[in-house]
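Chemist: Numbering (the UniProt record's numbering), first residue to last: 1 to 904.
Backbone N, C-alpha and C fix where the C-beta goes; we use that ideal spot for every residue, glycine too.
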């Protein structure tokens, strides 16, 4: 199990002894064994006696297990410190997960200490024991607790000499599978802050949602925390937090690296196949091929380094600038909050947390992708004296044409063969169906080839070949004149009027003519067949059928079909060279800056895609039986809302520029759900295919679940995701930016993505009934929420975090995927996630208003997010100082004692 997951909030335990199977999965890999923790209990003390008579103790309890085999104590858990209270109620519970080898005979020792300094609590509770005084201890067996009346034990605490009584400790078993109506008064203490929920924790899958058996093969190393909070009607809700790592943190980037290498190697091969070029163009080609070779070598080296990484499922924030891990997203985790209320249906709220997708290793001295790309395009146009300038739109079009041809040519060849096979079998229906598909795909190809860019680039390629002579040059030579054509920079697509432009028009027109011949031949065969099918005596019909040669149709159809295939191959080869020549210009104009920017873009996109795939799969697993969600998924697609807390100042403005481009590039991604070959874990891993201009993520599902999907999804319909990004900086650097700097980047991002979100809702409302969307207690209309968001986006207001709150609410109302990011997804992200969770409890589950701040502090002090901090930096402190927090909005400030100066 990964280092860091061992350091649970109040559970210092040897994880090797706890669990040999942390995933808790069956051999099939997806069906979760519905285990509950064997024993979970809360602790409280009464009448504690401090070492000084005039003071109340600062109590904490160390929980140990007596190993029956080795006969020594094994440290298992430790509570928080309750200050100045002789009757402390501890908020932290104790869990013996089902994987722990506990039995009724297992002995548990409780040791109560009087801690002198609570400020050390978030650093290491073990340090406290060296500056604490022992108050007393008690021992009980698990069997004692299970047999006790109401499953509650009251034990006397004995001092170290075993004589004096130092008070009592109360052990109460918690039943996490039941919702009990408990009297609120039993947790009231002398200190107002102690009127707070019980907290317990688990290092196993014991707290996983049992109603949804499909947990998926990509989530692992869960950390679970459980709370009880009071509702407005004095009832109790049970709240579970579960945080998990995602194996896609590494698997998606590794697949992308392989695809990048494959694409660049293919590009090198295409450049070789351009044939002979004049010395100038040939030298440019060699230089470009050298650059591609360097990129390929670098990516192969990175992939080899990643292949050496074993057992790790996330990249900690302290490794964000590590070269070998630059393609890996920072601190990618999923977090689910499940709420159980009396007489109400359980509800789950999911969120994905990840560090802002950015090229930390390359740094931000010159800004991020958005600024670098803009500057690069301007410089490329003004300095590209060696080559022909093509705009980014033309370059993108060339890549699109290449992708389209690579898909259509093999498809046309296959359909042509199907047509001949149908002719061989004299199948009229098969012939019509194959012809229709062949016609559609061939017409698509002709439409692609008719693009003016293809024609222009083909003429430019001819001009770059040795010995090229235009018509005008031939005429001039006849007249005895000498004309030179110096190489010069072109500001637009070149047009060589002197070249025979009709040659390419004739080439693609021949494809259309060949298709017409095929259609005519099929029509003739079917017409002749229909005429022979006129009513005739039965014996004569049998003679006609017998006399026909079954291969006759194929023989007649074969020549035009063969000619069609040859014409398609010919034009595709020419167009491929032309588009490769366009990309050669792009590459030659961009040496070396363009290659470095492409690598930066690859890095950022890799991090963003890993996070998106994680969120998509989490959402898919959660909604696998929701017909409304599945209908929305294939009819419109799903919104993916990224919340960013980066400032628009110093290095973070470069991170935000990287993130903006990376999130925008996710528009090129489609998802496809497939049926897994088997239920083995290896066959359930998502697969990425495609090239830089378009990627598809295939998500395999076990047959049992795949068969229940809508037909459109089962047939492989591509599923769209609409990524949107909203950013509001909240730290002290944002204060500087707002008062003395520039926040136009943030304003532009929010306005642009608001328009995308608004367009998505319009499309959704036109195609999907609103009944398909999830139900919420707050009945505010989505359209009204969008209007409010639009007003906030254009309002000049400092640190307007309402933009984030409203955008997050809209995302959940639209069945979308929620992401939250800051630089490392550790500190500011933790504040945002816990605030959102408590807001959901207040708005959707009637959390008592007196419990809101206590619930917020409890989650930040004892919950999954402080565990995330521990996993990343091996220290239980958020990386804030008091001066920084003075600039934070109040609701984003952590409780006292949970923050300090640390290396993050």
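1. Closer than 6 Å by C-beta to residue 325: which residues in its own chain qualify, once you throw out the five before and the five after it? Chain order, please.
2. Could you give the distance in angstroms between the alpha-carbon of residue 579 and the alpha-carbon of residue 586?
3. Check whether the Cβ atoms of residue 819 and residue 642 lie closer than 8 Å to each other.
4. Comparing alpha-carbon positions, which option in 769, 439, 735 and 834 lies nearest residue 797?
5. Residue 163: buried (16+ other C-beta within 10 angstroms of its C-beta) or exposed?
6. Could you tell me which residues DSSP puts in a beta bridge with residue 136?
7. Should the stretch 669-684 be called in touch with the stretch 760-774, which here means at least 3 C-beta pairs below 8 Å?
8. With DSSP run on the structure shown, which of helix, strand or coil describes residue 927?
9. By the DSSP assignment, the alpha helix (DSSP H) with residue 910 in it spans what residues?
10. Within a Cβ cutoff of 6 Å, which residues of the same chain sit near residue 666, ignoring the five residues on either side of it in sequence?
11. Please report the distance separating the alpha-carbon of residue 59 from that of residue 367.
12. Helix, strand or coil for residue 605 per DSSP?
13. Taking the alpha carbon of residue 673 as the point to measure from, which residue in 817, 374 and 707 has its own alpha carbon closest?
14. Near residue 590, what residues of its chain come up, given a Cβ to Cβ distance below 7 Å and the 5 sequence neighbours on each side ignored?
15. Measuring CA to CA, which of 733, 650 and 617 is closest to residue 697?
16. With H, G and I counted as helix, E and B as strand and the rest as coil, what does DSSP make of residue 781?
17. If we count Cβ pairs, one from each stretch, closer than 8 Å, do we get three or more for the stretch 683-692 versus the stretch 771-790?
18. Can you tell me the Cα-Cα spacing of residue 752 and residue 744, whole angstroms?
19. In chain order, what residues of the same chain have a beta carbon less than 7 Å from the beta carbon of residue 561, not counting five sequence neighbours either side?
20. Apart from the five residues just before and just after residue 619, which ones in its own chain have a Cβ nearer than 6 Å to its Cβ?
21. With DSSP run on the structure shown, which of helix, strand or coil describes residue 715?
22. Where do the N-terminal and C-terminal ends of the alpha helix (DSSP H) with residue 352 fall, by residue?
23. Residue range of the alpha helix (DSSP H) that residue 662 falls in?
24. Flag this pair as touching only if the stretch 589-604 and the stretch 361-378 have three or more C-beta atom pairs under 8 Å; answer yes or no.
25. For residue 818, which beta-bridge partners are listed by DSSP?
26. Keeping to the same chain, check which residues put their C-beta closer than 6 Å to that of residue 690; ignore five residues upstream and five downstream.
27. Three-state secondary structure (DSSP) at residue 772?
28. The beta strand (DSSP E) with residue 42 in it runs from where to where?
29. Going by beta carbon distance, what residues of the same chain come within less than 7 Å of residue 901, once the five residues before and after it are set aside?
30. Note down, in chain order, each residue of its chain lying with its Cβ closer than 6 Å to the Cβ of residue 896, except the 5 sequence neighbours on either side.
31. Can you tell me whether residue 160 is buried or exposed? The criterion is at least 16 other CB atoms within 10 Å of its CB, across all chains shown.
32. Starting from residue 671, trace the beta strand (DSSP E) in both directions and tell me its first and last residue.
33. Roughly how many angstroms separate the alpha carbons of residue 405 and residue 899, rounded to a whole number?
34. Using a Cβ distance threshold of 8 Å, determine whether the stretch 699-718 contacts the stretch 780-794, with at least three qualifying pairs required.
35. Going by DSSP in three states, residue 99 sits in which element: helix, strand or coil?
36. With DSSP as the reference, please indicate the residues paired to residue 330 in a beta bridge.
Modeler: This is what the structure holds:
1. 315 and 319
2. 11 Å
3. yes
4. 735
5. exposed
6. 112
7. no
8. Outside the displayed span of the chain (1 to 904) sits residue 927, for which this structure offers no information.
9. Outside the displayed range of the chain (1 to 904) lies residue 910, so it cannot be described from this structure.
10. 608, 612 and 723
11. 51 Å
12. helix
13. 707
14. 380
15. 617
16. coil
17. no
18. 12 Å
19. 416, 419, 420 and 518
20. 817
21. coil
22. Residue 352 -> not in any alpha helix (DSSP H); beta strand (DSSP E) instead, spanning 347-353.
23. 651-665
24. yes
25. 641
26. 696
27. helix
28. 39-46
29. 881
30. none
31. exposed
32. 669-675
33. 57 Å
34. no
35. Note that residue 99 has pLDDT 49, beneath the 50 cutoff, so the model's placement of it is unreliable and the number below is only indicative. Residue 99: coil per DSSP, three-state reduction.
36. 315
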